[in-house]
Amino acid sequence: MENSIVLKNITKEFKVLNRHEGLKGSIRDLFSRDYKTVTAVDNVSLEIKKGEIVGYLGPNGAGKSTTIKIMTGILKPTSGEIMVNGKTPWEDRTSNCEKIGVVFGQRSQLWWSLPLVESFKLLKDIYMIEDKNYNDMLDFYASIVDLEPLLHKPVRQMSLGQRTLSDILASFLHSPEVVFLDEPTIGLDVAMKSNIRDLIAAINEQKNTTVILTTHDMGDVDALCKRIVIIDKGKMLYDNDMEHLKKVFGSYRTLSLRIRSSQMTDDFITSLEERFSPYGISISTENNWVSLVINEDRIKVMDVLSGVQENGSIKDMKLEEISTEEVIKRIYTEGI
Amino acid sequence: MSKMRKYLALTRAGIIEELGFRLATIVMIFGNIIYLTVIYFLWRSIFASSPTPVVNGMTFESTLIYLVLATAIFNFMEMYTVWEMGRNVQSGKIVLDLVRPMEYRSYLFWSYTGPTIMQFLTTFIPTFIIVECVTKAIPLGINLLYFIISIILAVMINYSIDFMVGTICLYSESIWGINIMKQVIVLLFSGATIPLAFFPEGLAKVASVLPFKAVYDGPLSILLMNSPEICDVLPILELQAFWAVMLYLLSVGFWKISLRQITVNGG
Ligand SMILES: Nc1ncnc2c1ncn2[C@@H]1O[C@H](COP(=O)(O)OP(=O)(O)OP(=O)(O)O)[C@@H](O)[C@H]1O
Ligand SMILES: [Mg+2]
Numbered sequence: 001m002e003n004s005i006v007l008k009n010i011t012k013e014f015k016v017l018n019r020h021e022g023l024k025g026s027i028r029d030l031f032s033r034d035y036k037t038v039t040a041v042d043n044v045s046l047e048i049k050k051g052e053i054v055g056y057l058g059p060n061g062a063g064k065s066t067t068i069k070i071m072t073g074i075l076k077p078t079s080g081e082i083m084v085n086g087k088t089p090w091e092d093r094t095s096n097c098e099k100i101g102v103v104f105g106q107r108s109q110l111w112w113s114l115p116l117v118e119s120f121k122l123l124k125d126i127y128m129i130e131d132k133n134y135n136d137m138l139d140f141y142a143s144i145v146d147l148e149p150l151l152h153k154p155v156r157q158m159s160l161g162q163r164t165l166s167d168i169l170a171s172f173l174h175s176p177e178v179v180f181l182d183e184p185t186i187g188l189d190v191a192m193k194s195n196i197r198d199l200i201a202a203i204n205e206q207k208n209t210t211v212i213l214t215t216h217d218m219g220d221v222d223a224l225c226k227r228i229v230i231i232d233k234g235k236m237l238y239d240n241d242m243e244h245l246k247k248v249f250g251s252y253r254t255l256s257l258r259i260r261s262s263q264m265t266d267d268f269i270t271s272l273e274e275r276f277s278p279y280g281i282s283i284s285t286e287n288n289w290v291s292l293v294i295n296e297d298r299i300k301v302m303d304v305l306s307g308v309q310e311n312g313s314i315k316d317m318k319l320e321e322i323s324t325e326e327v328i329k330r331i332y333t334e335g336i
Numbered sequence: 337m338s339k340m341r342k343y344l345a346l347t348r349a350g351i352i353e354e355l356g357f358r359l360a361t362i363v364m365i366f367g368n369i370i371y372l373t374v375i376y377f378l379w380r381s382i383f384a385s386s387p388t389p390v391v392n393g394m395t396f397e398s399t400l401i402y403l404v405l406a407t408a409i410f411n412f413m414e415m416y417t418v419w420e421m422g423r424n425v426q427s428g429k430i431v432l433d434l435v436r437p438m439e440y441r442s443y444l445f446w447s448y449t450g451p452t453i454m455q456f457l458t459t460f461i462p463t464f465i466i467v468e469c470v471t472k473a474i475p476l477g478i479n480l481l482y483f484i485i486s487i488i489l490a491v492m493i494n495y496s497i498d499f500m501v502g503t504i505c506l507y508s509e510s511i512w513g514i515n516i517m518k519q520v521i522v523l524l525f526s527g528a529t530i531p532l533a534f535f536p537e538g539l540a541k542v543a544s545v546l547p548f549k550a551v552y553d554g555p556l557s558i559l560l561m562n563s564p565e566i567c568d569v570l571p572i573l574e575l576q577a578f579w580a581v582m583l584y585l586l587s588v589g590f591w592k593i594s595l596r597q598i599t600v601n602g603g
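So the protein lines, in turn, are chains Y and C.
Letter 156 of the first sequence, counting from 1, is numbered 156 in the working numbering, and no numbers are missing.
So the working numbering is basically just the index in the second sequence, starting at one, shifted up by 336.
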């Protein structure tokens with residue numbers, strides 16, 4: 001199968017001014033040449049095939065949005081080679097843009113005071129979509145989501161969820177080859193999230209659209225991505241199937257315990273650390289909660305529980321699957 | 337042809353959008369009435385203190401007509417482009433405009449054509465009709481045709497100026513200051529606040545070599561001409577065309593260089 005996106009040793013550095021404090025500092029900054037270099041993306045290589053849905057993950061500031069901006073042609077990489085649909089996006093920005101769709105979760109690309117259907121008509125002309133394709137697409141949308149009530153509503157009157165849904169519909173309208181979704185489910189409720197996941201899956205299936213999905217929600221990844229790529233501090237840490245990741249981290253659980261406040265002392269925490277670190281358990285605390293990330297291949301959750309109970313009294317507990325952030329932290333500290 | 341369609345679609349959307357903002361139009365008309373009242377009393381006292389009814393070749397009436405029409409032109413010409421560009425750059429929304437399959441300059445320009453046309457119809461035309469009914473001072477002839485050509489050129493010049501100043505927002509964070517400065521300079525040197533005939537010699541020289549007078553003074557002088565010959569209007573239109581081309585090239589060039597700046601260094 002052909003490649004949709006190829007990145008070869010892509011690096012992106014930003015030059016930022018070292019700012020000084022206060023009025024005097026600000027005035028000095030006006031004439032300052034005191035730059036420091038931030039490497040947002042560091043030597044990343046990737047090949048993404050047509051029709052893949054790839055989860056592009058990493059903690060805040062990892063460089064995900066920057067990579068997406070490079071792939072859309074808005075940013076030019078400092079070094080390295082990039083091809084999207086066979087073209088170099090930053091050299092050919094406008095023609096690249098005809099074949100891609102973009103959603104940045106925090107902002108809308110729709111016309112604020114126009115009813116959705118007018119925004120769609122406008123996009124139809126801007127992307128020069130044939131009448132037939134346009135109508136087919138609307139019918140297709142109507143078969144997946146409840147489109148009718150949205151169509152005649154001005155975007156500014158929509159709820160966050162409705163707006164995000166509309167934005168995603170808009171980004172697929174011109175049947176792009178690749179769609180970039182940067183945190184599309186941020187701030188949505190469970191029902192809307194699942195709605196949006198169904199929609200993305202259905203369009204990908206029907207149109208064979210390549211989807212690059214950035215998210216902090218492991219649920220999105222589980223529902224949509226067969227492959228994930230993880231970066232942190234600009235460097236690529238992981239690029240493999242979900243299956244593989246599940247195999248490695250499937251036995252991890254996060255156990256959170258609320259301890260009586262009088263017992264939450266530093267001594268207590270140190271004693272836990274001493275006791276459990278041989279089993280590779282990492283411990284973090286917040287207020288009266290202690291969180292332990294447990295590898296069940298090495299020690300049973302029940303054993304940890306009873307171990308904690310010997311020194312402190314537990315008021316409440318939660319047992320969760322390991323979170324994305326945790327997985328990423330693990331991959332970062334332990335490798336894979 | 338099909339290329340034109342994508343631009344006209346932006347015009348159409350702008351018109352629909354503008355129709356939704358009735359309140360804004362009312363507020364603007366109200367603001368204009370206040371502004372024009374101030375102008376009226378200001379210039380009346382200027383003329384009252386003068387020994388002759390004609391000052392710098394203009395009567396009180398012609399001055400007032402000139403300034404009323406200048407205000408009406410200002411209303412559809414000022415699209416707050418600088419403001420919008422600055423805000424989009426700062427909030428990062430510009431990213432969404434840059435992923436459209438169009439040049440940003442054209443995209444923004446055509447997005448503004450809708451509101452411009454609507455403002456022209458809802459503020460300029462009524463003002464024009466009122467002035468004409470009250471004073472009968474605007475000749476109704478071939479000058480109107482030349483005026484249309486001239487005003488289109490003026491819109492293009494004005495947009496290039498705005499777009500260039502807006503581009504500065506890629507480098508600076510003080511959008512507000514930049515915008516105010518631009519407005520003051522344009523309104524002064526274009527003759528929109530004080531007719532150019534009243535300028536002292538030195539200032540008049542400066543104004544004559546700047547492009548701003550092609551925005552207000554040009555179309556207004558044509559509008560107030562009585563059945564002009566082509567040779568009367570040609571110098572004005574030529575100057576406008578010259579500035580339109582020059583500033584177009586300059587603004588496109590400046591944007592290209594600046595965009596490279598953000599794509600290389602980050603905005
Ligand atoms: N225009 C810019 N100028 C300077 N530094 C920038 C610029 N854009 C991003 N950075 C820096 O590059 C790094 C990566 O940012 P990026 O927005 O790509 O992160 P991200 O992975 O999308 O994070 P998040 O999950 O928070 O959205 C950050 O350290 C950020 O401060
Ligand atoms: Mg981001």
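Positions of the beta carbon are idealized from the N, C-alpha and C atoms, including for glycine.
Y:G101 is not a Cβ neighbour of Y:P184, given a cutoff of 7 angstroms. Considering only C:T452, C:A580, C:S587 and C:A540, the residue with the shortest C-alpha distance to C:E353 is C:T452.
DSSP places Y:S45 outside any alpha helix (DSSP H); the residue lies instead in the beta strand (DSSP E), whose first and last residues are Y35 to K49.
Membership of C:K518 in the alpha helix (DSSP H) is indicated by the continuous run I511 to F525.
Here Y:D267 is exposed: its Cβ has fewer than 16 other Cβ atoms, across all protein chains shown, within 10 Å. Within chain C, the residues placing a beta-carbon under 9 angstroms from that of Y:V102 are V431, L432 and V435, ordered along the chain.
In the three-state reduction of the DSSP assignment, C:Y416 falls in the coil class, being assigned neither a helical nor a strand state. Ranked by Cα distance from C:N562, the options C:L570, C:L476 and C:Q597 are led by C:L476. Taken in chain order, the whole beta strand (DSSP E) runs of length 3 or more contained in the region 100-124 of chain Y are 100-104. At a cut-off of 7 angstroms, the C-beta of Y:R330 has no neighbouring C-beta in chain C.
Across the structure, C:I362 and C:T459 are spaced so that their CA atoms are roughly 10 angstroms apart. When 8 angstroms is used as the limit between beta carbons, C:I352 is near these residues of chain Y: L114 and E118, in chain order. Excluding sequence positions up to five before and after Y:N3, its CB lies within less than 8 angstroms of the CB of E47, I48, K49, K50 and M83, all in the same chain and listed in chain order.
For C:K339 and C:T529, the gap between their C-alpha atoms comes out near 39 angstroms. In terms of Cβ geometry, Y:N288 and Y:M264 form a close pair [threshold 7 angstroms]. In the DSSP assignment, Y:L213 falls within the beta strand (DSSP E) that extends over T210 to T214.
Between Y:S143 and the set Y:A202, Y:I126 and Y:I259, the nearest pair of CA atoms involves Y:A202. Nearest C-alpha to C:C567 among C:I370, C:W379 and C:N479: C:N479. If you look at C:F383, you'll find it in the alpha helix (DSSP H) that goes R358 to A384. Between C:V418 and C:V501, the C-beta spacing is below 7 angstroms.
Here DSSP, grouped into helix, strand and coil, assigns C:P555 to helix. Between ligand 2 and Y:K235, a heavy atom-to-CB distance of less than 6 angstroms is absent.
Taking 7 angstroms as the threshold, the shortest C-beta distance from Y:E98 to chain C falls below it. Around the beta-carbon of Y:Y141, 16 or more other beta-carbon atoms lie within 10 Å, marking it buried.
Contact annotation: Y:N295 and Y:Y252 have beta-carbon atoms nearer than 7 angstroms. In the DSSP annotation of this structure, the continuous segment of the beta strand (DSSP E) that includes Y:T285 starts and ends at S282 to E286. Comparing C-alpha distances from C:G356 to each of Y:S313, Y:I10, Y:W112 and Y:K15 shows the shortest one belongs to Y:W112. Contacts between Y:I168 and chain C, judged by CB atoms closer than 8 angstroms, are missing: the closest CB pair is about 14 angstroms apart.
DSSP places Y:D316 in the strand class (E or B) of the three-state scheme. At least 7 angstroms separates the CB of Y:Q157 from every CB of chain C. For C:T471, there is no enclosing beta strand (DSSP E); the residue is found in the alpha helix (DSSP H) stretching over I461 to T471.
Contacts with chain C at 7 angstroms (Cβ-Cβ) do not include Y:L245. With 16 or more other Cβ atoms from the protein chains shown falling within 10 Å of its own Cβ, Y:K99 counts as buried. Spatial neighbours of C:I382 in its own chain (CB-CB distance under 8 angstroms, excluding positions within 5 residues in sequence) are listed in chain order as V391.
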